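Visitor: Residue numbers (our numbering): 11 to 145.
Don't be surprised by glycine CBs; every beta carbon is placed ideally from N, CA and C.
Remember, predicted model here, so these are calculated numbers, not experimental data.
Here's a structure for you.
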């Protein structure tokens, strides 16, 4: 039951993000058009709450701090399946440094989300407020 909620909420947030003008790309396996979607569709029936999106611009340090430090529902932390919503950010060069073999095909800031069990409308509103801080 909990995993179904993670799947449904994360997909709803991913679909909303895919339409947002400040988002260049959403990386969610259940989202049509995402890299790996056909593989996911063939082999899976659900997804977790963990996915990422790329902002249409690279945030400088001050913008990134303003964006990340002021969420109400998202905390900054890593998770592999907890119940709470989490957020982290990476710049393209950080990913290239961590995984030199990785294809870094974006220039905006990468935002990693874990969508928890909070009300999805509240999570969406929290993310929308975050976008308003970095206009």
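1. Quick one, are the C-beta atoms of residue 65 and residue 32 less than 8 Å apart?
2. Say whether the region 89-100 touches the region 116-124, bearing in mind that this needs 3 or more beta-carbon pairs closer than 8 Å, one atom from each stretch.
3. Work out the CA separation of residue 42 and residue 78 for me, nearest whole Å.
4. Is residue 81 helix, strand or coil when you go by DSSP?
5. If you follow the alpha helix (DSSP H) that residue 23 is part of, which residue opens it and which one closes it?
6. Assuming residue 94 contacts residue 82 under a Cβ cut-off of 8 Å, what Cβ separation, rounded to an integer in Å, is found between them?
7. Using the DSSP secondary-structure output, state which residues sit across from residue 124 in a beta bridge.
Guide: In short:
1. Here residue 65 is taken as the residue at index 55 of the chain shown, counted from 1. Here residue 32 is taken as the residue at index 22 of the chain shown, counted from 1. Yes, they are a contact pair.
2. yes
3. Start at 1 with the first residue of the chain shown, and residue 78 comes out as number 68. Start at 1 with the first residue of the chain shown, and residue 42 comes out as number 32. Going by the C-alpha atoms only, they are around 28 Å apart.
4. Sequence index remark: in the chain shown, residue 81 carries index 71 (1-based). Correct three-state label for residue 81: coil.
5. Within the chain shown, residue 23 is the residue found at index 13, counting from 1. Note, residue 23: alpha helix (DSSP H), 12-28.
6. Taking the chain shown and counting its residues from 1, one reaches residue 94 at position 84. Taking the chain shown and counting its residues from 1, one reaches residue 82 at position 72. 12 Å between Cβ atoms; not a contact.
7. As a working mapping, residue 124 is identified with position 114 in the chain shown. Per DSSP, 60 and 96.
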